[in-house]
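Using the working numbering, you'd call the opening residue of the sequence shown number 4 and step up by one each time.
No residue lacks a Cβ here, since even glycine has one placed at the ideal position from N, Cα and C.
Just below is one structure, and these are the notes that go with it.
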Amino acid sequence: MREFDTFRPLYDPTAVQPMRDELTRVGVDELTTSENVDDVLGKSEGTVLLVVNSVCGCAAGNARPGVMLALQNALIPDRLTTVFAGQDKEATEKARSYMSEFPPSSPCIAVFQDGRVHTIIERHNIEGRSPQDIAIMLANSFNSCCEREGPSISREEFEKIIPAHICGSTIAKFEDEAPAEAAEDGSA
């Protein structure tokens with residue numbers, strides 16, 4: 004019997020990469036370990052955007068495009084970060100510990116100010132809203148607590164980005180050991 008690994012990625016990392024790239028292309032840093040999360044959220048000064056990314060349709064169609072659009076605002080958080088639920092499980096668990104007064108939610112977007120949650124947009128606030136609605140909610144938050152000048156990337160670069168809409172697609176569960184086992188017994 005295979006040992007159960009609670010921090011193993013749920014989905015094939017190659018299939019998920021375009022969903023990560025949407026945020027990193029607009030200047031968002033990935034936090035892939037609990038140490039990365041503590042290094043950013045454990046500090047109590049300044050503002051931090053934290054996106055709990057996900058493979059679900061509302062992340063693809065609403066949350067990520069809304070965040071991308073919001074980062075074109077005149078004021079943005081000092082740090083722009085993301086964890087990926089179902090992929091970077093340890094980092095996601097640690098990030099959620101900084102938002103323990105709220106139930107776990109994927110996707111989820113939080114703005115921290117001086118170490119405390121200033122604004123949180125949970126899944127139920129994302130579902131049924133357009134990217135523009137989410138961008139407006141985030142821009143209002145940024146305008147009330149941020150001082151860093153935006154946008155995160157130039158308008159010209161932003162307009163070149165085409166969001167990876169993978170809503171409704173089936174993404175294979177991550178099975179990294181099958182090919183290696185097949186190669187060992189000569190069946191590959």
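Bridge partners - cysteine 111, DSSP secondary structure assignment: According to DSSP, which records beta bridges pairwise, cysteine 111 is partnered with Val55.
Of the residues Asp81, Ser47, Met22 and Gln90, the one placed nearest proline 68, counting alpha carbons only: Met22
When Ile124, Gly153 and Asp117 are compared against proline 110, the one with the closest alpha-carbon: Ile124
Opposing strand residues paired with phenylalanine 116 [DSSP bridges]: Note that residue 116 is glutamine in the sequence shown, not phenylalanine. In the DSSP assignment, the residues bridged to glutamine 116 are Thr50 and Arg119.
Cβ separation of alanine 56 and isoleucine 129, assumed to be a contact under 8 Å, to the nearest whole Å: A quick correction: the sequence has asparagine, not alanine, at residue 56. In fact, because the Cβ distance is near 12 Å, the residues do not count as touching under 8 Å.
Three CB pairs or more closer than 8 Å across the segment 81-91 and the segment 28-37: yes
Anticipated Cβ contact below 8 Å, valine 58 with valine 19, distance rounded: 6 Å
Opening and closing residue of the beta strand (DSSP E) in which glycine 83 lies: The sequence given here places leucine at residue 83; glycine does not occur at that position. Counting along the chain, leucine 83 sits inside the beta strand (DSSP E) bounded by residues 82-87.
Enclosing alpha helix (DSSP H) for serine 103 [first to last residue]: Here serine 103 belongs to no alpha helix (DSSP H), and DSSP marks it neither H nor E.
Cβ-based burial, serine 144 [other Cβ within 10 Å; buried from 16]: Classification for serine 144: buried.
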